[in-house]
Amino acid sequence: MINVCIVEDELEQASVLKNYISKYSSAKNQQFNITYLPDGIDLVDDYKGQFDIILLDIQMKHLDGMAAAEKIRQVDSDVIIIFITSTVQYAVQGYAVDALGYVLKPVPYHQFEQIFDKAIVRVQAKQQHVYIKVAVDDKQLKLDCNNIIYIESQRNNVVIHCKDADYVTAGPLKRFDEMLMDHGFSKCHNAYLINLSEVEAVQKEEVLLTNDVMLPISRARKKEFMAALTEDIL
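For the sequence shown, UniProt numbering begins at 1 and goes up steadily by one.
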């Protein structure tokens with residue numbers, strides 16, 4: 001099931017897009033769950049990374065599509081955004097928010113189908129990844145586990161060390177261990193949960209990661225950690 005959100009203040013245009021998705025669903029044998037929202041502000045107010053594809057009108061009354069997309073990108077770098085616009089000049093701005101592309105109004109089905117084909121390919125590739133949702137400050141972030149190098153326990157919090165940034169969220173580390181133990185993560189120490197694919201080398205009682213961080217391997221965790229690492233390599 002692919003979750004699609006239509007954000008469009010023109011009811012007639014929204015209806016056209018819903019019909020196009022239904023037609024596409026029948027033709028491609030792909031199931032969709034469709035959500036309709038009348039304005040960009042309705043999208044960003046309670047966004048928790050719940051959509052795979054967003055069809056986003058650019059010109060809306062309260063919060064235009066470009067501003068909405070910028071806010072969405074602050075918490076979700078993976079959702080696919082397709083702009084629905086009446087003029088090409090707005091569409092060019094879509095590169096700033098990594099939009100897949102745009103469709104000009106009035107939307108012809110063949111153009112919709114072409115860009116939706118690209119979107120589905122991206123969604124299916126994304127669905128092979130494992131994501132976790134974490135609360136950071138006052139935001140809900142969706143993190144791709146492939147981008148996590150290791151997670152560190154710090155008192156009542158954990159620090160999620162990613163390739164692009166570090167994120168502090170509420171602990172305990174045990175909660176993340178339970179979520180990720182079947183997805184290529186293992187503890188080398190009670191304070192560290194490591195993405196095994198990010199291990200560069202093991203040197204005596206330490207493990208070297210791809211970001212040049214060296215972490216200790218505790219005596220209590222060594223046997224289990226090395227077994228997990230061997231299995232991951234094989």
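Ideal Cβ placement from N, Cα and C applies to all residues, glycine included.
Secondary structure of residue i, DSSP reduced to three states
i, result
"Ser186", "strand"
"Val136", "strand"
"Asp177", "helix"
"Ser153", "strand"
"Gln203", "strand"
"Thr87", "coil"
"Ile115", "helix"
"Leu215", "strand"
"Phe225", "helix"
"Asn29", "coil"
"Gly101", "strand"
"Leu193", "strand"
"Val107", "coil"
"Gly65", "helix"
"Asp46", "coil"
"Asp164", "coil"
Cβ-Cβ distance between residue i and residue j below 9 Å
i, j, result
"Ile72", "Val97", "yes"
"Val75", "Phe51", "no"
"Tyr20", "Phe112", "yes"
"Val134", "Gln127", "no"
"Ile53", "Ile84", "no"
"His183", "Pro216", "no"
"Ser86", "Leu104", "yes"
Proximity test, Cβ basis, 9 Å: residue i and chain D
i, result
"Glu70", "Within the model displayed, chain D is absent; a lone protein chain is all it includes."
Alpha-carbon to alpha-carbon, residue j and residue i
i, j, result
"Leu63", "Val202", "51 Å"
"Glu10", "Glu198", "48 Å"
"Val44", "Ala68", "6 Å"
"Gly101", "Lys118", "10 Å"
"Lys28", "Tyr109", "14 Å"
"Phe185", "Ile120", "28 Å"
"Gly171", "Val159", "9 Å"
"Phe225", "Arg219", "10 Å"
"Glu231", "Ala99", "38 Å"
"Val213", "Thr35", "43 Å"
"Glu178", "Ile132", "12 Å"
"Val168", "Cys5", "29 Å"
"Met1", "Gln31", "5 Å"
"Ile58", "Gln13", "13 Å"
"Leu17", "Val107", "8 Å"
"Ala228", "Met181", "10 Å"
Proximal residues to residue i (C-beta, below 7 Å), its chain only, five neighbours per side dropped
i, result
"Glu70", "Val97"
"Phe164", "Checking the sequence shown, residue 164 turns out to be Asp, not Phe. The answer, listed in chain order, is Asn147."
"Lys61", "Asp9, Asp39"
Residues bridged to residue i [DSSP beta-bridge criterion]
i, result
"Lys71", "Its beta-bridge partners do not exist; DSSP assigns none."
"Asp144", "Tyr131"
"Leu209", "Val199"
"Leu37", "Val7"
"Leu56", "Val7, Phe83"
"Thr169", "Val158"
"Ile2", "Phe32"
Cβ neighbours of residue i in the same chain (closer than 6 Å, five flanking residues each side left out)
i, result
"Leu37", "Val7, Leu43"
"Gln124", "none"
Cut-off 8 Å between Cβ atoms - residues of its own chain near residue i, not counting five sequence neighbours on either side
i, result
"Asp166", "Val159, Ile160"
"Leu209", "Ile149, Tyr150, Ile194, Glu198, Val199, Glu200, Leu215"
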